[in-house]
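Undergrad:
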Ligand SMILES: [Zn+2]
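Numbering (this note's numbering), first residue to last: 1 to 151.
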């Protein structure tokens with residue numbers, strides 16, 4: 001007697017579950033074509049507004065230094081402790097080239113200073129002599145202690 005209602009309940013559940021799946025799939029497909037058909041400037045406004053604003057600033061004078069999207073790695077270590085590597089930095093002064101032996105090998109680096117307050121922020125990798133480290137050339141390492149993050 002009790003087995004009849006429970007069986008019909010299971011059947012209902014299965015059929016409604018299938019309908020839901022089909023509905024979900026159709027919705028997802030619509031969203032996808034909407035973005036594909038969008039002209040690319042509009043797409044970049046939808047996805048990229050927050051990313052293109054400066055996110056990292058000089059801790060001492062609030063000079064904007066780097067964008068969030070330019071952050072490559074947080075695993076670097078500078079004189080004062082943790083440091084971040086960026087593919088680009090803005091509003092900085094790059095000092096003369098110096099040969100320097102770092103943990104991962106010998107490099108030609110240049111000190112990087114804030115263009116507004118002159119505080120030494122970190123260094124730029126100018127040249128490396130090790131193929132494995134080539135990706136660092138042209139990149140900026142800024143000590144975390146010298147940065148403040150916004151947005
Ligand atoms: Zn500064």
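The beta carbon of each residue, even a glycine, is placed where N, CA and C say it ideally should be.
Express the C-alpha separation of residue 54 and residue 71 in angstroms, rounding to a whole number.
TA: Cα-Cα distance, rounded: 11 Å.
Undergrad: Start and end of the beta strand (DSSP E) containing residue 128?
TA: Counting along the chain, the beta strand (DSSP E) containing residue 128 begins and ends at 120-128.
Undergrad: Rounded to the nearest angstrom, how far is the Cβ of residue 189 from that of residue 131, given a contact under 8 Å?
TA: Residue coverage of the chain in this structure runs from 1 to 151, which leaves residue 189 outside it and unanswerable.
Undergrad: Once DSSP output is grouped into helix, strand and coil, what is the label at residue 71?
TA: In the structure shown, residue 71 sits in a strand (DSSP, three-state: E or B).
Undergrad: What separation, rounded to the nearest whole angstrom, lies between the Cα atoms of residue 77 and residue 144?
TA: C-alpha separation (whole angstroms): 9 Å.
Undergrad: Per DSSP, which one or two residues make a beta bridge with residue 83?
TA: Beta-bridge pairing links residue 83 to 76 and 143.
Undergrad: Have a look at the DSSP bridge pairing and note the partners of residue 59.
TA: DSSP, once it has assigned bridges, lists no residue as partnering residue 59.
Undergrad: In chain order, what residues of the same chain lie with their CB nearer than 6 Å to the CB of residue 61, ignoring the 5 residues before and after it?
TA: Here the set comprises 116 and 117.
Undergrad: What did DSSP end up calling residue 101 once you bin it into helix, strand or coil?
TA: In the structure shown, residue 101 sits in a strand (DSSP, three-state: E or B).
Undergrad: Please tell me whether, using a cut-off of 8 Å, the distance from the CB of residue 120 to the nearest non-hydrogen atom of ligand 1 is below it.
TA: For ligand 1, not one heavy atom lies less than 8 Å from the Cβ of residue 120.
Undergrad: Exposed or buried, what is residue 75 when buried is set at 16 or more other beta-carbons lying within 10 Å of its beta-carbon?
TA: The residue is exposed, with fewer than 16 neighbouring Cβ atoms inside 10 Å.
Undergrad: Please check the pair residue 114 and residue 92, which I expect to be a contact at CB under 8 Å, by giving their CB distance rounded to whole angstroms.
TA: Confirmed, about 6 Å.
Undergrad: From the DSSP output, in three-state form, read off residue 132 for me.
TA: Of the three classes helix, strand and coil, the one that applies to residue 132 here is helix, per DSSP.
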